[in-house]
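S.K.: Sharing a structure with you now.
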Amino acid sequence: MRQLLSTFFCVLITASVAFADGVGPQRKMTGAEAAAYSNVTSTLQRALPKAPSGYLFNFSRVSGLDEGMVQEGLKPTEMFRMAHTATYTLDTSDLGEQQRSASMDRARGTLEQQKRMAELNAKEAVLTQARDRSRDPAEKQKIRAELKAVRAEQSKLMAEIVAATQAWVASGGVEETVRSIDQAQPPKEFSISVSINADVSLSDKSAPCTITGAPLAFDLSDGCQKPDSYCVTVLLGDFDKIKRVSGYTLYQPKDVVLGVPTKARTMALTISGPNDRAESVREFAGKIDFAGLMKLLP
């Protein structure tokens, strides 16, 4: 017998979980339920990818129930719906400094201009020291003339750099530099939404795709929960495929009596990232230990 989703329901396409208002009475998990729940949660956390260098990681439970609680009427033969979300967020605290540094570097001129200015500055320093050390009026006069020529060349070169920089700024150079640095960054965020023992509705437009280690995966490029995102959903476990709504296919966990409602019968994982980094999202999804998660399932 299937239990109605009084706690939450799956959002179409993305397989993410939303909770209904008012989950009703709840009770504390029994020892067996708490142990099974803890095993599912800890196994899931171990199976998720480690945070890449430069990323901040957050793992959270999604529930309308208090921690350690289940619906009061939940029976041992029924399935307890569980959901978690993991986010991997790129630390961009130094991005602004990178953009400012690149813009300031461009304002110093081209590499050739910077090299020439460095040569002139070094020459000026040598001549200045020589002038200050000299006690010969004639020699001082000669050095002053050389210094004047060097400084005139410096001024001319600086005027060229300033003019080129102004033209660069006017043509949108600063904005282009910011965009280039931003595009060179890895994806700003990956997220993994996990629903356990829950129904999953997928758009009929979704297409099967290959994710390393995943037995069944779907490309949801035109139906992600977040705008401008690309996502894939991986189904683990034994689902009944039921056509319920035009344009969508419902996948329901098969009834499996395990004697403890907080054990996992099925899992659906939706991995999301930037729409222009689809390959990176698929590669990231492939880092999940699907084999480890499958060991939880009957």
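Here this note's numbering = 1-based position in the sequence shown + 21.
We put the CB at the ideal spot given by N, CA and C, even for glycine.
With H, G and I counted as helix, E and B as strand and the rest as coil, what does DSSP make of residue 185?
M.R.: For the purposes of this step, residue 185 is taken as residue 164 along the sequence shown, with counting starting at 1. DSSP places residue 185 in helix when its eight states are reduced to three.
S.K.: Is the CB of residue 142 under 9 Å away from at least one CB in chain D?
M.R.: This model lacks chain D altogether, as it is built from one protein chain only.
S.K.: DSSP three-state call for residue 232: helix, strand or coil?
M.R.: Walking along the sequence shown from the start, residue 232 turns up at place 211. Residue 232: coil per DSSP, three-state reduction.
S.K.: Measure the CB-CB distance between residue 81 and residue 55 and report whether it falls below 9 Å.
M.R.: Sequence index remark: in the sequence shown, residue 81 carries index 60 (1-based). Sequence index remark: in the sequence shown, residue 55 carries index 34 (1-based). Their beta carbons are not under 9 Å apart, which means residue 81 does not touch residue 55 by this criterion.
S.K.: From what residue to what residue does the beta strand (DSSP E) around residue 90 run?
M.R.: Within the sequence shown, the letter at position 69 stands for residue 90. Start and end: 90–92.
S.K.: For the 8 Å Cβ check, are there 3 or more pairs between the segment 254–261 and the segment 161–173?
M.R.: Result no; under three Cβ-Cβ pairs closer than 8 Å.
S.K.: Does DSSP put residue 220 in a helix, in a strand, or in coil?
M.R.: Counting from 1 along the sequence shown, the entry for residue 220 is found at position 199. Residue 220 falls in the coil class under three-state DSSP.
S.K.: With DSSP collapsed to three states, give me the class of residue 161.
M.R.: By 1-based counting over the sequence shown, the position of residue 161 is 140. If DSSP states are grouped into helix, strand and coil, residue 161 belongs with the helices.
S.K.: To the nearest angstrom, how far is the alpha carbon of residue 262 from that of residue 126?
M.R.: By one-based count along the sequence shown, residue 262 stands at place 241. By one-based count along the sequence shown, residue 126 stands at place 105. Answer to the nearest angstrom: the Cα atoms are 59 Å apart.
S.K.: Just curious, the beta strand (DSSP E) that residue 314 is in, first and last residue?
M.R.: As a working mapping, residue 314 is identified with position 293 in the sequence shown. It is not in any beta strand (DSSP E) - residue 314 instead sits in the alpha helix (DSSP H) that spans 311–315.
S.K.: Out of 301, 317, 294 and 299, state which residue places its alpha-carbon closest to the alpha-carbon of residue 288.
M.R.: The residue labelled residue 288 in the question sits at position 267 within the sequence shown. Out of 301, 317, 294 and 299, 317 has the C-alpha closest to the C-alpha of residue 288.
S.K.: Among the residues of its own chain, which have a CB less than 7 Å from the CB of residue 240, if the five just before and after it don't count?
M.R.: As a working note, residue 240 is residue 219 in the sequence shown. Correct list, in chain order: 227, 228, 230 and 253.
S.K.: Hey, is the segment 57–64 in contact with the segment 273–287, meaning 3+ C-beta pairs nearer than 8 Å?
M.R.: Segments in contact, yes.
S.K.: Hey, how far is the Cα of residue 314 from the Cα of residue 68?
M.R.: Walking along the sequence shown from the start, residue 314 turns up at place 293. Walking along the sequence shown from the start, residue 68 turns up at place 47. Straight-line Cα distance between these residues: approximately 7 Å.
S.K.: Does the distance from the CB of residue 270 to the CB of residue 223 come in under 9 Å?
M.R.: Counting from one through the sequence shown, the residue named residue 270 turns up at place 249. Counting from one through the sequence shown, the residue named residue 223 turns up at place 202. In this structure, residue 223 lies closer than 9 Å to residue 270 by Cβ.
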